[in-house]
Amino acid sequence: MSDDTTGPEPETRTERARASRSERTRPERVRMSGRERREQLVVVGRQLFAEKGFEAVTIEEVASKAGVSKPVVYEHFGSKDGLYAVIVDREMNILLGMVSDSLTADNPRALLEQAARALFDYIEERSDGFRVLVRDSPVAQNTGNFASLLRDVASQVDERLAREFDRSGFPSKFAPMYANMLVGMVALTGQWWLDVRKPKKDEVVAHVVNLAWNGIVGLEKKPSLITSRAKG
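Mapping of the sequence shown onto our numbering: position 143 corresponds to residue 146, and the numbering continues sequentially without gaps.
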């Protein structure tokens with residue numbers, strides 16, 4: 004009686020060799036320290052928040068892209084809000100540090116140029132971070148939005164601007180207001196440039212400074228409107 008039971012075909016020598024090579028070339032999974040894993044999750048979260056916005060991103064998506072389970076993300080940040088807050092806080096500190104460190108000049112035009120260049124340097128070097136900052140913050144986030152960031156940046160400028168106002172006889176009490184005007188102009192232009200990237204960064208900065216400076220040197224001490232509202 005013949006045995007007609009058939010099983011799987013035995014591996015050929017070529018198949019065994021191919022499988023062996025595959026095992027040797029497969030990258031080993033590197034075990035990360037807690038700090039390294041946290042940094043990886045921050046990078047992944049920043050990319051996702053920049054691309055999709057806070058509401059559209061899920062913890063599952065962050066975990067999947069990082070190659071970990073959801074509990075790992077919760078262990079490090081507690082929630083999606085916690086991860087977002089860490090990312091926003093880090094980006095704000097980096098930007099504020101870049102602006103503060105850049106303000107070394109003694110004359111007002113150079114200070115304006117340094118502040119504008121610092122913001123554009125940040126936009127160029129940390130585009131994902133800037134996109135996170137300019138997007139709408141979650142409702143529960145009372146601080147850390149782009150408006151509060153601009154106020155912080157303006158505060159880096161207004162004291163220096165006040166000194167220049169004093170020298171020129173312009174009321175220094177208006178320095179904070181003008182600092183916010185200047186920073187807002189630069190930031191809005193930066194948002195536009197982030198997507199178009201033309202002209203080149205330094206050329207855009209030069210045009211921003213040109214507009215701001217040539218407006219500042221002609222400031223009236225008591226400006227007034229020359230038009231009147233139509234009476235309805």
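A virtual CB, placed ideally from N, CA and C, is assigned to each residue, including glycine.
With 16 other Cβ atoms within 10 Å as the buried cut-off, status of Arg38: The residue labelled residue 38 in the question sits at position 35 within the sequence shown. Exposed.
Locate the alpha helix (DSSP H) running through Arg236, then write down its first and last residues. Nothing can be reported for residue 236, as the shown portion of the chain is limited to 4 through 235.
For the segment 27-64, list the alpha helix (DSSP H) runs that are entirely contained and at least 4 residues long, ordered along the chain. 37-55
Report the rounded CA-to-CA distance for Gly132 versus Arg232, giving the unit in angstroms. Locating residue 132 in the sequence shown gives position 129, counting from the first residue. Locating residue 232 in the sequence shown gives position 229, counting from the first residue. Straight-line Cα distance between these residues: approximately 42 Å.
Please name the residue, chosen from Val47, Ile219, Met188, Val89, that lies closest to Arg120 on a Cα-to-Cα basis. Here residue 120 corresponds to residue number 117 of the sequence shown, with the count starting at 1. The candidate whose alpha carbon is nearest that of Arg120 is Met188.
Option nearest Arg49 by Cα separation, candidates Met35, Gln117, Ser36, Ala66: Position 46 of the sequence shown, counting from 1, holds the residue named residue 49. The candidate whose alpha carbon is nearest that of Arg49 is Ala66.
May I ask which residues mark the beginning and end of the alpha helix (DSSP H) holding Gly230? Position 227 of the sequence shown, counted from the first residue, corresponds to residue 230. Residue identity differs from the one stated: residue 230 is Thr in this sequence, not Gly. No alpha helix (DSSP H) holds Thr230; DSSP gives it neither H nor E.
Taking the alpha helix (DSSP H) that Ser105 falls in, what are its first and last residues? On the sequence shown, residue 105 is found 102 positions in, with the first residue counted as 1. Per DSSP, Ser105 belongs to the alpha helix (DSSP H) from 83-105.
Return the residue from the list Arg34, Asn217, Pro226, Val207 that minimises the CA-CA distance to Phe123. As a working note, residue 123 is residue 120 in the sequence shown. Comparing Cα positions, the closest option is Val207.
How would you label His79, buried or exposed, when you count the other beta carbons within 10 angstroms and need 16 or more for buried? Translated into the one-based positions of the sequence shown, residue 79 becomes position 76. Per the 10 Å Cβ criterion, buried.
In chain order, what residues of the same chain lie with their CB nearer than 6 Å to the CB of Met95, ignoring the 5 residues before and after it? What you label residue 95 is simply residue 92 of the sequence shown in a count that begins at 1. Cβ neighbours of Met95 beyond the five flanking positions: Leu152.
In three-state terms, what does DSSP make of Arg154? What you label residue 154 is simply residue 151 of the sequence shown in a count that begins at 1. Note: Arg154 maps to helix in three-state DSSP.
Got a sec? Which residues, its chain only, sit under 8 Å from Ile90 by beta carbon, not counting five neighbours each side? Along the sequence shown, read from residue 1 onward, the residue named residue 90 stands at position 87. Answer for Ile90: Val45, Gly48, Arg49, Phe52, Gly132, Val135, listed in chain order.
With a threshold of 16 other CB atoms inside 10 Å of the CB of Val105, please say whether the residue is buried or exposed. Here residue 105 corresponds to residue number 102 of the sequence shown, with the count starting at 1. Checking the displayed sequence, the identity of residue 105 turns out to be Ser instead of Val. It is buried - the Cβ of Ser105 has at least 16 other Cβ atoms within 10 Å.
By Cβ distance, which residues of its chain are closer than 8 Å to Val76, with the 5 residues on each side in sequence left out? As a first step, residue 76 is located in the sequence shown; it is residue number 73 there, counting from the start. Leu44, Ile62, Val65, Ala66, Ala69, Leu86, listed in sequence order.
Checking 7 Å against the spacing of the C-beta atoms, do Val186 and Val156 come in under that value? For the purposes of this step, residue 186 is identified with residue 183 of the sequence shown, where counting begins at 1. For the purposes of this step, residue 156 is identified with residue 153 of the sequence shown, where counting begins at 1. The answer is yes: Cβ separation under 7 Å.
Taking the alpha-carbon positions, what's the Val220 to Ala165 distance? What you label residue 220 is simply residue 217 of the sequence shown in a count that begins at 1. What you label residue 165 is simply residue 162 of the sequence shown in a count that begins at 1. Distance between the alpha carbons of Val220 and Ala165: 14 Å.
Using beta-carbon positions only, say whether Leu115 and Ala215 come within less than 7 Å of one another. By 1-based counting over the sequence shown, the position of residue 115 is 112. By 1-based counting over the sequence shown, the position of residue 215 is 212. Yes, they are a contact pair.
Within a Cβ cutoff of 7 Å, which residues of the same chain sit near Ser130, ignoring the five residues on either side of it in sequence? Working through the sequence shown from its first residue, we reach residue 130 at position 127. So the list reads Leu197, once near-sequence residues are dropped.
Option in Glu54, Ser227, Gln159 with minimal Cα separation from Asn183: As a first step, residue 183 is located in the sequence shown; it is residue number 180 there, counting from the start. Per the Cα distances, Gln159.
Just the C-alpha distance for Phe149 and Thr192, rounded to the nearest angstrom, thanks. Counting from 1 along the sequence shown, the entry for residue 149 is found at position 146. Counting from 1 along the sequence shown, the entry for residue 192 is found at position 189. One C-alpha to the other measures close to 14 Å.
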